[in-house]
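Participant: The numbers in the sequence shown follow my numbering, run straight up by one, and end at 144.
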Amino acid sequence: MKSHQTAQTMKPATAAKKLGVYLPATPAEFQEGVVTRQELNALQADPPAWLEELRRNGPHPRPVVAAKLGVSISGLARAGVTEALTSEQIEALKQDRPEWLEKERVTQAEVRKETARIKRRDAERAASSDEPGR
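In structure tokens, the structure reads:
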């Protein structure tokens, strides 16, 4: 009995997420088909012009927008930013420094500090439980 290996495929939305691009901005043939793991790897290794353009100028999906602004995705939602933004729009927000952006950046910094503190605490607990005689 001979086994046939089928190519692993994914929906365009999954592939777009892995590529860090906004699906509605991708070419129609990308949106309408399925993407194999091999095709995804090829897109990552040697991105076509459309992919480079989307990564450079957008529109960008919310996770990318949030990262570029230094806030969380929830912070974007609280501020009412629900649409994909271009690099130009993101830069304009950085320049304008609206109150919500400053507030969300502070919140994000506090969350990161707390996450780091918990990670250190857990590492210390793990190290002390590994000590002999305990």
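Cβ coordinates follow ideal geometry from the N, Cα and C atoms, glycine included.
1) When burial is assigned at 16 or more other CB atoms within 10 Å of the CB, is Pro-58 buried or exposed?
2) Flag this pair as touching only if the segment 39–56 and the segment 81–101 have three or more C-beta atom pairs under 8 Å; answer yes or no.
3) At a cut of 8 Å, does the segment 60–76 reach the segment 29–46 through at least three beta carbon pairs?
4) Is the beta carbon of Gly-68 less than 8 Å from the beta carbon of Gln-118?
5) What whole-angstrom Cβ distance do Ala-94 and Trp-110 have, given they're in contact under 8 Å?
6) So what's Val-74 in DSSP terms, helix, strand or just coil?
7) In angstroms, rounded to a whole number, what distance separates the CA positions of Lys-129 and Arg-65?
8) Would you check if the distance between the CB atom of Thr-36 and the CB atom of Ala-23 is smaller than 8 Å?
9) Based on Cα-Cα distance, which residue from Met-20, Lys-28, Glu-62 lies nearest to Glu-42?
Facilitator: The answer reads as follows:
1) exposed
2) no
3) yes
4) no
5) Wrong, their Cβ atoms sit about 18 Å apart, outside the cutoff.
6) helix
7) 32 Å
8) no
9) Met-20
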